[in-house]
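What follows is one structure encoded as structure tokens, with my remarks underneath.
Protein chains: 2
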Amino acid sequence: MNIGTAAARSGVPAKTIRYYESIGLIPRAARTGGNYRDYDDNDLQTLRFIQRARRLGFAVKDVSSLLALWHDRGRASGDVKRLANGHIEEIDRRMEELRTMRRTLVHLVERCHGDHRPDCPILEELAGEGGCHKEPH
Amino acid sequence: MNIGTAAARSGVPAKTIRYYESIGLIPRAARTGGNYRDYDDNDLQTLRFIQRARRLGFAVKDVSSLLALWHDRGRASGDVKRLANGHIEEIDRRMEELRTMRRTLVHLVERCHGDHRPDCPILEELAGEGGCHKEPH
DNA sequence: CTTGACCTTCCAGTCTCTGGAACCTCCATC
DNA sequence: GATGGAGGTTCCAGAGACTGGAAGGTCAAG
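Quick note, the sequences are listed as chains A and B, same order.
Those letters in the first sequence? Residues 9 to 145, per the working numbering, in order.
Those letters in the second sequence? Residues 9 to 145, per the working numbering, in order.
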């Protein structure tokens, strides 16, 4: 099948498939007489694997490792688990950052009356003018 | 003061200050005889403002809007609040994405014994082999 | 034979910096 | 006055993960 069909069936856009090939995440595809890329069910499986891993937020580099482990019949499941656990920790770090930002923002938004008047605690806090929140504890 | 001092006092790295100037987030700095950038306390305040807004996760484009509002004495605080609320919503979207990923990952990791043996539910799920989770509900 | 959908390659842009190379300037010391 | 080193200057490239567009080739249907 050509790249468009592979894209439709895997959920990975054609442009992204070419990109994955260019960075070596997937091997160079077979070609037809007219120089069109030609994919089979095996390639499709790989694309779907990649798609699922990316949706779980794995970086492309990690997807590459996962693919290698997937193709290694003698792999240790511990290696996969370590990768996944590392990724969970990364997610936790990002969520904690977002939570901190959100807390501060919500606090500021609550104190801002948000009407036509110009005085605004949000800008004041960003400017560090008031000094009222420089030492919160 | 020169860029290094401004960087130290604002918390924005010198390279980043130059970058902000290059994209027009801050105006072109004054120059000394030797072509060094020269900053005053006003510039410093702006850099600190930017730094705080960035730490709250505002995109540079939004920081630009916030700066404009900050400098506009007749602004409506409602405009600032709208920006902040939009940003909170964006944070909520990202957190929800992360939560979803995390849920799936934790579930998979729990089912993977993670030892030297090669069978691994994480890879099976990514490959879509088992089919046991294709229709979760 | 023409049309239109699809494919090809390559270059540029997104976003927010960050590193490095090559060179210039300032200040202190000898 | 020479020298050394810590700053500064510019510009180019790379990160990550694509995405858009231009210019042109291929294929199947009408």
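Even for Gly, the Cβ is constructed at its ideal location relative to N, Cα and C.
Below-8 Å beta-carbon distance, residue i vs any chain A residue
i	result
T24 (chain B)	no
D49 (chain B)	no
G139 (chain B)	Reliability fails at G139 (chain B), whose pLDDT of 44 lies under 50, so the model's placement of it is uncertain and the value that follows must be treated cautiously. No, no contact with chain A.
T40 (chain B)	no
G70 (chain B)	The residue asked about is misnamed: residue 70 (chain B) is Asp in this sequence, not Gly. With 8 Å as the cut-off, D70 (chain B) does not count as an interface residue toward chain A.
H121 (chain B)	yes
L52 (chain B)	no
N10 (chain B)	no
S73 (chain B)	no
A15 (chain B)	no
Residue burial classification, residue i (beta-carbon count within 10 angstroms, cutoff 16)
i	result
A14 (chain A)	buried
Y208 (chain B)	The structure shown does not extend to residue 208 (chain B), since chain B is modelled only from 9 through 145, so no value can be given for it.
P21 (chain B)	exposed
Rounded Cβ spacing between residue i and residue j (contact assumed at less than 8 Å)
i	j	result
L91 (chain B)	L74 (chain B)	7 Å
I176 (chain B)	L106 (chain A)	A question about residue 176 (chain B) goes unanswered here, because the residues of chain B that appear run from 9 up to 145.
I31 (chain B)	I11 (chain B)	Going by Cβ atoms, the distance from I31 (chain B) to I11 (chain B) rounds to 16 Å, so no, they are not a contact pair.
A16 (chain A)	D123 (chain B)	Going by Cβ atoms, the distance from A16 (chain A) to D123 (chain B) rounds to 39 Å, so no, they are not a contact pair.
Min CB distance residue i to chain B below 8 Å
i	result
G136 (chain A)	yes
D127 (chain A)	yes
Y28 (chain A)	no
S85 (chain A)	yes
I34 (chain A)	no
H95 (chain A)	yes
H124 (chain A)	yes
G19 (chain A)	no
R110 (chain A)	yes
L55 (chain A)	no
I130 (chain A)	yes
I31 (chain A)	no
R101 (chain A)	no
A61 (chain A)	yes
C-beta contact flag for residue i and residue j at 8 Å
i	j	result
T112 (chain A)	L77 (chain B)	no
R36 (chain A)	D46 (chain A)	no
L134 (chain B)	A135 (chain A)	no
V88 (chain A)	L33 (chain A)	no
R119 (chain B)	P129 (chain B)	yes
N93 (chain B)	V71 (chain A)	no
Q59 (chain B)	G86 (chain B)	no
M103 (chain A)	M109 (chain B)	no
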